[in-house]
Every structure is written in structure tokens, then in C-alpha cells.
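Asker: Right, I'll just put the structure down here and ask away after.
Protein chains: 4
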Amino acid sequence: MPKIDGYLTKEKILNVAEKLFSEVGYDAASISTISKLAGINKATIYFHFKNKQSVLHELFFNMIEQMENRLLPVEESGLNLKDKLRKEIDFLREKKDIISILLMESIKTNTRDDSLFQIAYSEIYNKKSRLTELANSKKNLFLAHEFFTGFIPILNFVVLEDKYRNFFKLDEESVIDNFIDVIIKSHYNTHII
Amino acid sequence: MPKIDGYLTKEKILNVAEKLFSEVGYDAASISTISKLAGINKATIYFHFKNKQSVLHELFFNMIEQMENRLLPVEESGLNLKDKLRKEIDFLREKKDIISILLMESIKTNTRDDSLFQIAYSEIYNKKSRLTELANSKKNLFLAHEFFTGFIPILNFVVLEDKYRNFFKLDEESVIDNFIDVIIKSHYNTHII
Amino acid sequence: MPKIDGYLTKEKILNVAEKLFSEVGYDAASISTISKLAGINKATIYFHFKNKQSVLHELFFNMIEQMENRLLPVEESGLNLKDKLRKEIDFLREKKDIISILLMESIKTNTRDDSLFQIAYSEIYNKKSRLTELANSKKNLFLAHEFFTGFIPILNFVVLEDKYRNFFKLDEESVIDNFIDVIIKSHYNTHII
Amino acid sequence: MPKIDGYLTKEKILNVAEKLFSEVGYDAASISTISKLAGINKATIYFHFKNKQSVLHELFFNMIEQMENRLLPVEESGLNLKDKLRKEIDFLREKKDIISILLMESIKTNTRDDSLFQIAYSEIYNKKSRLTELANSKKNLFLAHEFFTGFIPILNFVVLEDKYRNFFKLDEESVIDNFIDVIIKSHYNTHII
DNA sequence: CATGAATGAGATTTCATTCAT
DNA sequence: GATGAATGAAATCTCATTCAT
Chain A
1 MPKIDGYLTK
11 EKILNVAEKL
21 FSEVGYDAAS
31 ISTISKLAGI
41 NKATIYFHFK
51 NKQSVLHELF
61 FNMIEQMENR
71 LLPVEESGLN
81 LKDKLRKEID
91 FLREKKDIIS
101 ILLMESIKTN
111 TRDDSLFQIA
121 YSEIYNKKSR
131 LTELANSKKN
141 LFLAHEFFTG
151 FIPILNFVVL
161 EDKYRNFFKL
171 DEESVIDNFI
181 DVIIKSHYNT
191 HII
Chain B
1001 MPKIDGYLTK
1011 EKILNVAEKL
1021 FSEVGYDAAS
1031 ISTISKLAGI
1041 NKATIYFHFK
1051 NKQSVLHELF
1061 FNMIEQMENR
1071 LLPVEESGLN
1081 LKDKLRKEID
1091 FLREKKDIIS
1101 ILLMESIKTN
1111 TRDDSLFQIA
1121 YSEIYNKKSR
1131 LTELANSKKN
1141 LFLAHEFFTG
1151 FIPILNFVVL
1161 EDKYRNFFKL
1171 DEESVIDNFI
1181 DVIIKSHYNT
1191 HII
Chain C
2001 MPKIDGYLTK
2011 EKILNVAEKL
2021 FSEVGYDAAS
2031 ISTISKLAGI
2041 NKATIYFHFK
2051 NKQSVLHELF
2061 FNMIEQMENR
2071 LLPVEESGLN
2081 LKDKLRKEID
2091 FLREKKDIIS
2101 ILLMESIKTN
2111 TRDDSLFQIA
2121 YSEIYNKKSR
2131 LTELANSKKN
2141 LFLAHEFFTG
2151 FIPILNFVVL
2161 EDKYRNFFKL
2171 DEESVIDNFI
2181 DVIIKSHYNT
2191 HII
Chain D
3001 MPKIDGYLTK
3011 EKILNVAEKL
3021 FSEVGYDAAS
3031 ISTISKLAGI
3041 NKATIYFHFK
3051 NKQSVLHELF
3061 FNMIEQMENR
3071 LLPVEESGLN
3081 LKDKLRKEID
3091 FLREKKDIIS
3101 ILLMESIKTN
3111 TRDDSLFQIA
3121 YSEIYNKKSR
3131 LTELANSKKN
3141 LFLAHEFFTG
3151 FIPILNFVVL
3161 EDKYRNFFKL
3171 DEESVIDNFI
3181 DVIIKSHYNT
3191 HII
């Protein structure tokens, strides 16, 4: 391995780790395997990262940052809701791996990591900046609506799409089309504000 | 029949494993820890189970069986939708641990386990037995509706409830009440059939 | 390896560890090497001991216990001082390994282990039970005398004897004889009480 | 000439290493830690030193050189024994770290390093140059006296002083005063020649 | 002179699993 | 049914050392 560009090595590690974590879960993914897949020495991972946890943290941190800084396609002009949603879902599909990890880690009872909620927070408050003006009771209802009938179904769709399709023997296009139809009818058409 | 804390040893193992798996995930939970928490010898676990995997399988199997055989409160007479839902959610809350495990394992890309979908299938087909009579296109739309706007949000609510409440600093009763309100409006009131 | 008598295995580990620690120091002695020398599997050490530190602790603990419970030959009747001392030194020579470890570990500035002082305490107070009756100023002088001109020289003799002999090209018997002569003249003949 | 905190880099490395070695022992002190404490890059250490061992060797070499070249305060005129001893001990106290390392390394059975004895040799022969004139039997007795009842207790005092004081809950001044008293009575007043 | 990046070897420790009793 | 003892494999992480820049 050329001792040239530490930045590239670090990127490589993060990419490989993201993929592997999503495939087998954080705990079942070993540093050994990551190093082999990245084509580098095990110890090199510890040159770039304090420990295994910090690889995960950096993945989460990068994800949170990206989500906070992006322009929401929902707010883009000139597109109808269906097309906007399709664009958003395609965007998230590219992030399927890190979303899988995020969901898995959030579910563990013992975790103190709240990256999932941080992302949800920024997504939801991005969308409706007037949210803060609402009365508390309404605000919490709105939050529940956004989180449990919008955010969660969409992330789960991205993550479970393939298995859903395989189990129920459906074809690819109909699955995404159907999902967009039902999420519009159930979530977007029933918005409170 | 030797018992530990009133449970048969095998049941004790299953209970402890279920709790630990949900806390730290299947991979981070060791047979050693399970045996210590159950107050038995490590080797005893291997008397009752072929290996670690089969402890998980038995948990999943039991869960699937229970879900298939239960009477859906939704179909019970005399209760309005809100109360029925509340009953159903309370039932699922008691199964929070196994549901957590189920969700975590389903998300792993590499898993071939489809217990989550088996349960979804039986839940959804239980509810609407006439589903099979529908035309294919309608059927798939219905399936997407049930799975992604009903089943998934409800399971995720059960599993994420506490963390959601803590992160957004909400009080317990309002969280469940709000969830029931929004799931009714988004899922139940928008049923296709 | 026969899975028969865990007690023997533990003893074997302690013996091997004691020897190796004294040869190369605690930190340079690896669990791997210990296991190989003991003819057992590395993991077996962790069945009998919590971790590497606890192997050291158990060695120290055993040493402290032995020292506290032994009858001091110095108090034995019928022997003159020279013979008593010779007996005592021969007793300590058999414990050369653990004494080496004890001294090395005591010297480390960062150590919080005070096994050396615990042993010194019990040795010194054993010898002169009337010590407690002394006035404080005398007591401390007595302590300094016992510790720095008796205990420390003797332990260091046991530990450095061979190297001292080799460096100065002396023969074995003259070294021990000379040491006994000088320790009697300097320490025992100058006792305060 | 690049300096760190006013020291040349090499000196800085030696100072940091000396301190760390004395705190945790040679083996537990890593080049990594030394470089961090010195505020330099790990590789820089390998520019100034062949390897880790040679850092230790240079520390020992410097110490030996210093000890060989110093004027012994014991021989200074105008001071009584007590004051001379106090001066000597204060001199050695400043070398506490390197003395700790020296002692620890000397105790290891496997070590072939004899720096401790080299220093002892030059100290003892410095003091009494007419030593060589003595008959062999007397010489060896004298050597044993100097080494085991003078040199060793003094070095051990310097190294164990703090721990001795803490364990027996003594105050600083009384400890050094008492030590000087007892070493005079036991060692200096019992000189053979 | 000094550094960032890398590595092979090996450290401690834990894993799932086995087996004689 | 249950256990103490053991193990091979693999986990995470650290080590001393190297080298291109």
C-alpha cells in the first residue's frame, strides 16, 4: 500500500465499514474483516480511528451533518408531490447502508446513541419551520405524525424494500410505486398543519 | 423438574436471552452473559439448545406461533377503534423485547431470516381474509398500506417509545395518546378496503 | 490436557507465572508465554483468573499470607544468631522469585500496590510485639532501622545475590557468609531496643 | 537547533522517557506514550535513537558517567557526617527516577545489564581507593558491607521514601532524619576499615 | 530534523462450543 | 439435567519499528 494519502485511506475504511455494518450489524462486523475488505492492515484502522466505536460514531456524525445541510427536495418548486417523494426516496436509497445501521443501533435498549432522533429532529423542523409557533398539544401531535407516520415508514421502506419484495414476490417498480401511493394517502394527505 | 426463580431452566434461558438480545443485540450478547444472568452453567444452555442461533430461532418461533394463534382485539366486538388499538398496543408492548430483536435482525442485509415478514403476513391476512379475493394490483396496494403505514409504525412505536419520549421530553400518557390519534388518522381512516 | 483437576491447573499457572514474572518482569511476561510454559491453553488462564493483573495479585496475596502465618526462626530457641539468620535467608531464597516481583512492582512510582509494606509491617511487628509500647519518636526510629537496614538489605541480598557474585567474581559460600557477617554487625548489633 | 520547552529534542526524549520508565517500568512504557508526552512524533525518537533499548542504555550510560565523575560529598571537608550524608541523599533524590529504573531492571533475573553494579563499583572504590590493598578476604567483607548495608539501603530509601512515608503515615522530615540516623549507626559506625 | 502513514507481530481478552463427570 | 474445566479461534487493540516525504 502506498503511504501517500491518509485521507483516502480513511474514506476507504469508512466506506467498507458502512457496508459491512449494514450487512451483518455493528457487533458481528470485525475490524479484521474491515481491514481485509479495505485492503489495508488492521493497525492502520487504529491509526485513523481511536477504536471500533469511533468508526461508527464518525459514520453517524457524517450522516447527521449531511442530513442537516441538505436542501429538502420536498420544498423544491415545479415538482408534484409524487415526483418530490420519489426524489427524496431515491436520495435515501443511496444512504440505505447507514440508515440500516442507524435503525439497528437505535433499537438496542441499552444504547445511549440518539442519532436517529437527531436526524428526525432536523428533518421535521426543517420541513415545517413554523412548527415552533404551534401550541404544545398541537406540536406534539404534529411531531408524532411526522415521526411515526412519515419518517419511520420511509426509512423502513428504504431498508426493508428488498426483503419485502422478495418475501411477497413483487416486482421492483410496483413496490416503490405502491409505497409512494400509500405514504401520500396516509401521511401527506392527513397532515394536521 | 428443576426450576430457577419458578421457571423451568429452558424458559429461564429464553427469558434472559430475550431481554439481553433486546438490550445489546444478538451478536453482542454472549452465552456466557446469558448463563450468568440466568444463574446457571454455560454448558447447561447447550443441553437445552443446539447452539446460540437456535436460542434466537426458538424465540422467533415462539413469537410467530403466538402471533398466529391470537385473536385480534381489533375484531373484538363492543370496543371502539381507539380502545381496540390501545389494547393491541398494550399487548405488543409486553412483547417489546422480542419485537426489538425481530426488527434488528430483519434489517441486517445479510440475514435470510424472514420472521418479521411471516408475522406481518399472518397479521395482515388475519385481519382481512377476503384479501385473497382482491385483484392483484389492489392486493399489493393494500399490502403496502398495511405493512408500511400500519404494521411498521406500530412495531416501531412499541420499540422506540421510550427513547422518543426521552429525546423530545414528553410525558408517557401523551405519547401513547398522540400515537393512537395519528395512527388512526393516517392508517385506519385511509384504508382502501 | 485432562479435564480433571482445576486446582492443579491453577497452581501450575501460578508457579509458571511467578517464575516468568521474576525473569522478565510482569509487563514483559505475556499470558501467551505463561500458557505455553504451563502446557495449557491461553483461555484456560482466563477461566481461573479474571485477568493478568489478578494472577499477580493472587501471587502477592499468597505471599503475604505465608509471611504472616510463618513462625519466625529468629525467635526459635537453641540456635545462635548466625544460624538463625542463615535459616531465615534460606527460607527467603526459596521465595526469591516472588520477592523479585514484589520489589520490582513496589519501585514503580505509579503503583498503588503496597504488598511490600504489608509484608514488612507484619515481619517487623511480629518480631517485636512490644513495639507498640514505644514512644512515637522511638517507634519511628525503630521502624526505619528495621525496614531500611534489615528488611530491605536482606530482600535485596536474596534477589541480587547471583548477579553480585558474578559481577564481583566471588564464590557462592563466601557471599552468603560475608553477607551474614555484615548484616549482623550493621543491623542486629545496632538494635535500638 | 530546534527546542521543545527549552530542551533539545533528544534531551526532551530522555527526560520524558526517564520519568515514564520510573512510573510504569521500562516494558509498560511505550514509545508512543513517550512521543506524546514529549510533544513530538514517534518517528523522531527513531531518528535520535536506534531503538527503545538504546533509550534505556543512554539513560544508564549517562547515569554511570555522572556517578563516576562526581566528587563525593562524603570526602568534602568542613561538614560533619550527618550533613555530608544529607547532601549525598539530596543529590541522589534528584536522580530518583533513573535509580528506580536501574533497580527494577537489575532485579529481573534474565537481564544481563549490570549498570547497578558498575555504579556501585565506582562509588565504593571511589570512597576507599586503598581498598585494593586489602587482603582478599577482608576486601570481600568490606564490599559486602558497602554494597548491602550502605549502597542498597540508600538507593532503596530514595526510591521507596514516599511510599514508606504514606504507608506508615509519617511526616516528610522525620523520615529522612530517621533514615540518616539509622544508616549512620548501622553502616557508617560499623565500618571495618 | 521531523512527520504522517503504515505495518507485522503480538498483546490481552472473549467467543461459542465441548466433554468428562 | 447440570457443571467445572478446557479449548481453538477470533475479537479488539497496542507494540516497536519503518519509510517516503
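Protein chains in written order, with the working numbering: chain A, 1 to 193; chain B, 1001 to 1193; chain C, 2001 to 2193; chain D, 3001 to 3193.
Each residue gets a CB set at the ideal place from its N, CA and C atoms; glycine is no exception.
These numbers were taken from a predicted model, which means no experiment stands behind them.
(1) Rounded to the nearest angstrom, what separates serine 1122 of chain B and isoleucine 31 of chain A at their Cα positions?
(2) Under the rule that 16 or more other beta-carbon atoms within 10 Å means buried, what is glycine 1039 of chain B, buried or exposed?
(3) List, in chain order, every chain D residue whose beta-carbon is nearer than 8 Å to that of phenylalanine 2117 of chain C.
(4) According to DSSP, leucine 8 of chain A sits in a beta bridge with which residue or residues?
(5) Does the beta carbon of methionine 2063 of chain C come closer than 9 Å to any beta carbon on chain D?
(6) I want to verify the contact list: residues of chain D whose CB lies under 7 Å from the CB of alanine 2028 of chain C, in sequence order.
(7) I think phenylalanine 3157 of chain D touches phenylalanine 2148 of chain C, with their Cβ atoms under 8 Å apart; what is that distance to the nearest whole Å?
(8) My guess is that leucine 14 of chain A and threonine 33 of chain A are in contact by the Cβ rule of under 8 Å, so how many angstroms apart are they, rounded?
(9) Rounded to whole angstroms, what is the Cα-Cα separation between serine 174 of chain A and asparagine 1140 of chain B?
(10) For isoleucine 3099 of chain D, which residues from the same chain have a beta carbon less than 7 Å from its beta carbon, with the 5 sequence-adjacent residues on both sides left out?
(11) Hey, lysine 3087 of chain D and glutamine 3066 of chain D: beta-carbon distance below 9 Å or not?
(12) Which chain A residues sit within Cβ distance under 9 Å of lysine 1185 of chain B?
(13) With 9 Å set as the bound, which would you pick, yes or no: does the beta-carbon of isoleucine 1194 of chain B sit closer than that to a beta-carbon of chain A?
(14) How many angstroms separate the CA atom of leucine 37 of chain A from the CA atom of threonine 1109 of chain B?
(15) Counting along the chain, where does the alpha helix (DSSP H) carrying threonine 1033 of chain B start and finish?
(16) I need the straight-line Cα distance from histidine 3057 of chain D to alanine 3017 of chain D, nearest angstrom please.
(17) Tell me, to the nearest whole angstrom, how far the beta carbon of glycine 1025 of chain B is from that of aspartate 97 of chain A; I am working on the premise that it is less than 8 Å.
(18) Counting only the same chain and skipping the five closest in sequence on each side, list residues whose C-beta sits under 7 Å from that of leucine 3081 of chain D.
(19) Mind pulling the chain C residues with CB within less than 7 Å of asparagine 3140 of chain D?
(20) Could you give the DSSP three-state label for aspartate 171 of chain A: helix, strand or coil?
(21) Taking 9 Å as the CB-CB limit, is threonine 3009 of chain D close to chain C?
(22) Against chain B, does tyrosine 125 of chain A count as a neighbour if the rule is that its beta carbon must be under 9 Å from one of theirs?
(23) Is the separation between the beta-carbon of isoleucine 2107 of chain C and that of methionine 3104 of chain D shorter than 9 Å?
(24) Could you please tell me which residues of the region 1100 to 1113 of chain B, in chain order, have their CB closer than 9 Å to any CB of chain A?
(25) Between leucine 3059 of chain D and the rest of its own chain, which residues show a CB-CB distance below 8 Å, the 5 nearest in sequence each way excluded?
(26) Does the beta carbon of valine 2055 of chain C sit closer than 9 Å to a beta carbon anywhere in chain D?
(27) Answer with buried or exposed for leucine 2143 of chain C, where buried requires no fewer than 16 other C-beta atoms within 10 angstroms of its C-beta.
(28) Out of C:His2145, C:Lys2138, C:Tyr2164, C:Ile2124, which has the shortest C-alpha to C-alpha gap to glutamate 3146 of chain D?
(29) Just checking: is the beta-carbon of isoleucine 2098 of chain C within a distance shorter than 9 Å of some beta-carbon in chain D?
(30) Between the alpha carbons of asparagine 1062 of chain B and aspartate 1114 of chain B, how many angstroms are there, rounded?
(31) Would you mind working out which of D:Phe3117, D:Phe3047, D:Ser3186, D:Glu3023 sits nearest glutamate 3068 of chain D, comparing C-alpha positions?
(32) How would you list, in chain order, the residues of chain B whose beta-carbon sits under 8 Å from the beta-carbon of glutamate 23 of chain A?
(33) Comparing alpha-carbon positions, which option in B:Asn1136, B:Glu1011, B:Phe1167 lies nearest aspartate 171 of chain A?
(34) Give the residues of chain B in contact with aspartate 90 of chain A, contact being defined as C-beta atoms less than 7 Å apart.
Answerer: Considering the structure as presented:
(1) 39 Å
(2) exposed
(3) Lys3163, Tyr3164, Phe3167, Phe3168
(4) None, per the DSSP bridge assignment.
(5) no
(6) Asp3027
(7) 6 Å
(8) With 8 Å as the limit, leucine 14 of chain A and threonine 33 of chain A do not qualify as a contact, their Cβ atoms being about 15 Å apart.
(9) 8 Å
(10) Leu3092, Leu3155, Val3158, Val3159
(11) no
(12) His145, Thr149, Ser186, Thr190, Ile192
(13) There is no way to answer for residue 1194 of chain B, as the model of chain B reaches only from 1001 to 1193.
(14) 17 Å
(15) 1031 to 1038
(16) 11 Å
(17) That pair is no contact at about 17 Å.
(18) Ile3184, Tyr3188
(19) Leu2170, Ser2174, Asn2178
(20) coil
(21) no
(22) no
(23) yes
(24) Ser1100, Ile1101, Leu1103, Met1104, Glu1105, Ser1106, Ile1107, Lys1108, Thr1109, Asn1110, Thr1111
(25) Leu3014, Ala3017, Glu3018, Phe3021, Ile3098, Ile3101
(26) no
(27) buried
(28) C:Tyr2164
(29) no
(30) 14 Å
(31) D:Phe3117
(32) Lys1108, Thr1109, Asn1110
(33) B:Asn1136
(34) Those do not exist, as aspartate 90 of chain A stays about 17 Å from chain B at its closest Cβ, beyond 7 Å.
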